[in-house]
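Engineer: The working numbering puts the sequence shown at residues -5 to 163. C-beta: ideal position from N, C-alpha, C; glycine also. Values in this document were obtained by computation on a predicted structure and should not be read as measured data.
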Amino acid sequence: MFGPIAETIETERLTLEPLTVSHADEMREVLGDPELHAFMGGEPATLAELRARYQRLVAGPAPFHQEGWLNWVVRRNDDIQAVGTVQATVTPGAQGPQASVAWVIGVPFQGRGYACEAAAALAGWLRDHSVAGLVANIHPDNLASAGVARHIGLHPTDQYAGDEVVWRG
Ligand SMILES: CC(C)(COP(=O)(O)OP(=O)(O)OC[C@H]1O[C@@H](n2cnc3c(N)ncnc32)[C@H](O)[C@@H]1OP(=O)(O)O)[C@@H](O)C(=O)NCCC(=O)NCCS
C-alpha cells in the first residue's frame, strides 16, 4: 500500500464516496449500458463480476507493491442517485507521488458536467494529499474524456499507452 487513503469528498452537486463491495448492486444499473464501453473495451459486468471486481479493488494491491488503489462512487446530492465512479492509482515518482486517474459516468447521467465536477474534486484532493503529478490515458476519439482532462489542467503529450494518448498535469 502506498499514498493516501480514500476519504469522502464533497462538491456542490456531488459526493464522492470511497468504494465498498456493497456499491456493486446499484452500480450494476448505473454502468449497465453497453455504449459506455465504446472506448474502454469489454462489456457491462454482471452483478457477480462487479462484486468480485469491487472486492479486488477494496482489498488493494499486495502489501509489497508500492501502489495505492483509490476508488470512489460519485453520488448526486439532491436525490442520492449514484451516477458514476472515479479512480486514482498512486505510485512513487521522481518528483513525488504520481496518480493515474480515470472517470466513468453512466450514460443516463452524461452531459451535465458531472465528470468535470467529480474529476476536479478528485484532482484537488490528490494534490492536497501530496500527489505531485496526474496522468490519464485517453483514446484520441474520446472527446468527452479529453474535455474532462483539460478541465482539470492536464495536457496531451506525444506519448501513447497502447492506442491511448498519455495526458499529464
Ligand atoms: C468521459 C465521461 C466520463 C464524461 O462524462 P460527462 O459527465 O458526460 O462529462 P461532462 O458533462 O463533465 O463533460 C466533459 C467535457 O466533455 C464535453 N463532452 C461531453 N460529451 C461530449 C461528447 N459526446 N462529445 C464531445 N464532447 C463532449 C463537455 O462539453 C465537457 O467539455 P467542456 O468542459 O470543454 O465543455 C463519460 O462520457 C464516460 O463515462 N464515458 C465512458 C467511459 C470513459 O470513456 N471514461 C474515460 C476513461 S479515462
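Can you tell me whether Gly(-1) is buried or exposed, with buried defined as 16 or more other CB within 10 angstroms of its CB?
Structural biologist: According to the sequence displayed, residue -1 carries Ile and not Gly. Burial call: exposed.
Engineer: Pull up the distance between the alpha-carbon of Ala140 and that of Gly147, whole angstroms please.
Structural biologist: Approximately 11 Å, taken between the alpha carbons.
Engineer: Cβ atoms of Pro91 and Ser124: under 8 Å apart, would you say?
Structural biologist: yes
Engineer: Any residues whose CB sits closer than 6 Å to a heavy atom of ligand 1? List them in chain order?
Structural biologist: Qualifying residues, in the order they occur: Leu30, Phe33, Met34, Ala96, Trp97, Val98, Ile99, Gln104, Gly105, Arg106, Gly107, Tyr108, Ala109, Cys110, Ala130, Ile132, Asn136, Leu137, Ala138, Ser139, Gly141, Val142 and His145.
Engineer: Is any heavy atom of ligand 2 found at a distance shorter than 7 Å from the C-beta of Met21?
Structural biologist: The ligand content of the structure shown is limited to ligand 1, which means ligand 2 is not among them.
Engineer: In its own chain, which residues sit with a C-beta less than 7 Å from the C-beta of Ser154, not counting the 5 before and 5 after it?
Structural biologist: The sequence as given places Tyr at residue 154; Ser does not occur at that position. Val160.
Engineer: Short of 8 Å in beta carbon distance, which residues of its chain neighbour Thr2, apart from the five on each side in sequence? Order them along the chain.
Structural biologist: Within the same chain, Cβ atoms closer than 8 Å to the Cβ of Thr2 are found at Thr9, Leu10, Glu11 and Pro12, the five residues on either side in sequence being excluded.
Engineer: Nearest by alpha-carbon distance to Ala143: which of Gly156, Arg121, Asp122 and Ala114 is it?
Structural biologist: Per the Cα distances, Ala114.
Engineer: Quick check: what's the CA-CA separation for Gly107 versus Arg69?
Structural biologist: 13 Å
Engineer: Would you say Val67 and Ala56 are within 8 Å of each other, going by their C-beta atoms?
Structural biologist: no
Engineer: Tell me which residues share the same chain as His17 and place their Cβ nearer than 8 Å to its Cβ, disregarding the 5 neighbours each side in the sequence.
Structural biologist: Glu11, Tyr48, Val67 and Ala76
Engineer: Let me confirm a value: Asn71 is counted as buried when at least 16 other C-beta atoms fall within 10 Å, else exposed. Which label applies?
Structural biologist: Label assigned to Asn71: exposed.
Engineer: Whose CA, out of Phe(-4), Asp27 and Glu4, lies closest to the CA of Val101?
Structural biologist: Asp27
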